[in-house]
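Mapped onto this note's numbering, the consecutive letters of the sequence shown carry residue numbers 9 to 270.
Just so you know, even glycine gets a beta-carbon here, dropped at the ideal spot from N, CA and C.
Remarks on the structure that follows.
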Amino acid sequence: MFKKIVCAAILTIFLAACSNVPITGRTQLSLISQQQIVDLSDAQYSEFIANNPPLKNSDAEMVKRVGAKISKAVEEFMIKQGRQYQLSGFDWEFNLVNNKEKNAWALPGGKVVVYSGILPIAGEEDGIATIMGHEIAHVVANHGNERMSQELLLKYGYATLQEVFGENPGLAKSVFLEVYGVGSSLGMLKYSRTHEYEADRLGIIFTAMAGYDPRKSLEFWERMSADSTAAVPEFLSTHPSSISRISRIKESMPEFMGYYSK
Ligand SMILES: [Zn+2]
């Protein structure tokens, strides 16, 4: 309720202040235009890729194959829901880079990067699908825009926000860098617990739509939970705890299996 009031108040300042998340229907703040956030992402991504040349081996091929399957399922779903505008400006890319960290991330605009360090714990293709589904879900659910919008509100408040945007066109970029990181720390995102649970749920639904068994996703999270060295951002953030994450996935398994059987 509070969020709806906030959204209504901000609507008087910005035209497209709020949106809602596919499947969950949760209302979210969305102050930055899709085009602006995709442009910022693409610029940072190009820089990252120039410094971290993607691998070209069979694992890299698998990452591309899995990404293509999930993104196709997502696009079909979004078109059916009349939400294709939420993917406007997207140009998907799926790359594996040589980095020992157990991490993966995705940027608005559909650029998905998997670090080679996460491969051993991912196991087979289903595990990679779980990881990439989770990251793609953050992007499809517009979590980056929401994080940036929250930062902006926190810093400037509603009253001055319009003024600040008008006077400082570089503001969106500085908040983007704050939320997403830059250079070698790109992808060290600070998502909330709400975002993590939502990305878990949507991610498994998207992978199920792409033909991956949701029960394998559960196995992946259990492996992750058992790995005591797995606590690094973004992908392996310590919150929510892997135990509460796993119990939520178990609870939602009937819903996930419904998408899988279709
Ligand atoms: Zn996440």
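Item to check | Identified DSSP bridge partners for tryptophan 113 | outcome: Answer is Val121.
Item to check | Identity of the residue in Trp100, Lys108, Leu160 and Leu63 nearest valine 46 by Cα | outcome: Ranking Trp100, Lys108, Leu160 and Leu63 by Cα distance to valine 46 puts Trp100 first.
Item to check | Beta-carbon proximity list for valine 74, same chain, < 7 angstroms, skipping 5 on both sides | outcome: If we look at valine 74 and ignore the five residues flanking it on each side, its Cβ neighbours are Glu133, Ile136, Ala137 and Met140.
Checklist entry - ligand 1 heavy atoms versus the CB of tyrosine 199: any closer than 8 angstroms? => result Correct: tyrosine 199 has its Cβ closer than 8 angstroms to ligand 1.
Checklist entry - For ligand 3, any of its heavy atoms closer than 8 angstroms to the Cβ of glutamate 143? => result Looking at this structure, you won't find ligand 3 anywhere; what it does contain is ligand 1.
Next on the checklist: Checking 9 angstroms against the spacing of the C-beta atoms, do phenylalanine 102 and serine 124 come in under that value?
Outcome noted: Their beta carbons are not under 9 angstroms apart, which means phenylalanine 102 does not touch serine 124 by this criterion.
Item to check | Reference glycine 117, options Ala207, His151, Ala25 and Leu160, closest by Cα | outcome: If we check each option's Cα against that of glycine 117, His151 comes out closest.
Checklist entry - Cβ atoms of asparagine 153 and leucine 63: under 9 angstroms apart, would you say? => result Their beta carbons are not under 9 angstroms apart, which means leucine 63 does not touch asparagine 153 by this criterion.
Next on the checklist: Going by the DSSP bridge assignment, what does glutamine 36 pair with across the sheet?
Outcome noted: Per DSSP, Ser27.
Checklist entry - Is the segment 155-163 touching the segment 209-225, taking contact as three or more C-beta pairs under 8 angstroms? => result They do not touch, by the three-pair rule.
Checklist entry - Does any heavy atom of ligand 1 sit closer than 8 angstroms to the C-beta of alanine 207? => result The nearest non-hydrogen atom of ligand 1 is less than 8 angstroms from the C-beta of alanine 207.
Checklist entry - Out of curiosity, what's the CA-to-CA distance linking alanine 216 and alanine 145? => result Roughly 13 angstroms between the two C-alpha positions.
Checklist entry - Taking Cβ to Cβ, would you say glutamine 36 is nearer than 9 angstroms to cysteine 26? => result Cβ atoms of glutamine 36 and cysteine 26: closer than 9 angstroms.
Next on the checklist: So the candidates are Val120, Phe228 and Glu204; which of them puts its Cα closest to the Cα of serine 54?
Outcome noted: Distance check between serine 54 and each of Val120, Phe228 and Glu204 places Val120 closest, using alpha-carbon atoms only.
Checklist entry - Going along the chain, which residues of its own chain have a beta-carbon closer than 8 angstroms to the beta-carbon of isoleucine 251, five neighbours each way excluded? => result Within the same chain, isoleucine 251 has close Cβ partners Ser233.
Next on the checklist: If distances are taken between C-alpha atoms only, which option among Pro30, Phe184, Gly97 and Arg201 comes closest to arginine 253?
Outcome noted: Of the candidates Pro30, Phe184, Gly97 and Arg201, the one whose C-alpha sits nearest the C-alpha of arginine 253 is Arg201.
Item to check | CA nearest to the CA of methionine 156, picked from Lys198, His142 and Pro128 | outcome: Check the Cα spacing between methionine 156 and each of Lys198, His142 and Pro128: the tightest is with Lys198.
Next on the checklist: In this structure, how does DSSP classify leucine 48 when only helix, strand and coil are distinguished?
Outcome noted: In this structure, leucine 48 counts as helix in the three-state DSSP scheme.
Checklist entry - From what residue to what residue does the alpha helix (DSSP H) around glutamate 84 run? => result In the DSSP annotation of this structure, the continuous segment of the alpha helix (DSSP H) that includes glutamate 84 starts and ends at 66-88.
Next on the checklist: Closer than 8 angstroms to a non-hydrogen atom of ligand 1 - does that hold for the CB of glutamate 109?
Outcome noted: Look at glutamate 109: its beta carbon is at least 8 angstroms from all of the heavy atoms in ligand 1.
Checklist entry - Which residues bound the beta strand (DSSP E) around phenylalanine 98? => result That residue, phenylalanine 98, is in no beta strand (DSSP E); it is neither H nor E in DSSP.
Checklist entry - Around the C-beta of proline 30, are 16 or more other C-beta atoms found within 10 angstroms, so that it is buried, or is it exposed? => result Its Cβ being crowded by 16 or more others within 10 Å, proline 30 is buried.
Checklist entry - With respect to 8 angstroms, is the separation between the Cβ of glutamate 259 and the closest non-hydrogen atom of ligand 1 below this value? => result Result no, Cβ not under 8 angstroms from ligand 1.
Item to check | Reduced DSSP secondary structure (H/G/I, E/B, other) of leucine 185 | outcome: Leucine 185 falls in the helix class under three-state DSSP.
Next on the checklist: According to DSSP, is leucine 197 part of a helix, a strand, or is it coil?
Outcome noted: Reduced to three states, the DSSP call for leucine 197 is coil.
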